[in-house]
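Novice: Below are the structure tokens for one structure; questions will follow.
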Amino acid sequence: DFFAFSGYRGANLTNTCCIVTQRLVYLNKYYADPLPVQRPAPEVPDPLKSEMLSKICERSAAANPEGKTMNILLVIDMQKDFVDQALGTPEAQAIVPNVVAKINEYKARGDVIIATKDTHEETYLETQEGVNLPFIHCVQNTDGWQLDDAVQAAMPENATIVHKPTFGSTELVKIIGEYVAQYGEPNVHMEIVGLCTDICVVSNALIEKAFYPEMPITLDASCCAGVTPATHDAAIATMRMCQINVINAD
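The sequence shown begins at 14 in the working numbering and counts up by one.
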């Protein structure tokens, strides 16, 4: 009947009014409150992108305002196969006491010690390195892969050991990067010793210099030996030209 119909229309009108009111409230709030400003995310340093000196110093000062230093000893491949086994030389054997003394010096001060181990698989001869240097060496878990006994005995328990499958170690770059992030490049002082001067030592010295140009790097030549004395000297000359601080070379 008429009253029932009127009631139906009234109920629907009430609902419609409620919906319209809700929409108006929403629109009013939407236009009254401006959208939040979208700010760009903070810049993340790209490890493969070179930075100017001013930026490096700025990061260093922010990370380490007191200028505390971190001393790191990097011991490269002082393994049996390079000392007195597969690829050993008299020169390599002669530096062992010097390397041990250097490790003990850093250990006594509580400094950071990192040692790399050349690490290959049984398929080494199938690799590019194996084709060019066809002498099986430093196959993982063999006796020749282990550190020289005297060097191993001197190593502190908290030393970091890095297994590297080729001359230069990208994993080492990441590890050093953690110290650089904490202390700043100029405040991380690295000293390098080990074998072989003309292959893995020079490779890692120049990689670290490329990634961290403001990090002081020293090489103790009395704690290094090359494949031959002549190639050792050539590598020393190369590192000097690239501003590696070489000591005890004469």
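No residue lacks a Cβ here, since even glycine has one placed at the ideal position from N, Cα and C.
Identify which residue in I126, F180 and T140 has its Cα closest to the Cα of T173.
Specialist: I126
Novice: What are the start and end residues of the beta strand (DSSP E) that includes K177?
Specialist: T173 to K177
Novice: Answer with buried or exposed for D161, where buried requires no fewer than 16 other C-beta atoms within 10 angstroms of its C-beta.
Specialist: Classification for D161: buried.
Novice: Secondary structure at N84, three-state DSSP: helix, strand or coil?
Specialist: strand
Novice: With a floor of 4 residues, list each alpha helix (DSSP H) that falls wholly inside the region 75-141, ordered by position along the chain.
Specialist: 93-96 and 103-122
Novice: Leaving out five residues before and five after M254 in sequence, what residues of the same chain have Cβ atoms less than 7 Å from its Cβ?
Specialist: none
Novice: Could you have a look at S182 and say whether DSSP puts it in helix, strand or coil?
Specialist: coil
Novice: Distance, Cα to Cα, V88 vs A75?
Specialist: The straight-line gap from Cα to Cα measures roughly 30 Å.
Novice: Terminal residues of the continuous alpha helix (DSSP H) containing D246?
Specialist: P242 to M254
Novice: Please look up how many angstroms separate the CB atoms of I260 and T210, rounded, as I've assumed it's under 8 Å.
Specialist: I260 to T210, Cβ: 14 Å. No contact.
Novice: D233 by DSSP, collapsed to three states: which one?
Specialist: strand
Novice: In chain order, what residues of the same chain lie with their CB nearer than 8 Å to the CB of D46, ignoring the 5 residues before and after it?
Specialist: Low per-residue confidence applies at D46: pLDDT is 49, beneath 50, and the placement is therefore not dependable, though the value from the model is reported in the following sentence. Contacts found: none.
Novice: Does the distance from the C-beta atom of N258 to that of L232 stay below 9 Å?
Specialist: Yes.
Novice: Pull the bridge partners of G190 from the DSSP assignment, please.
Specialist: DSSP lists no partner for G190.
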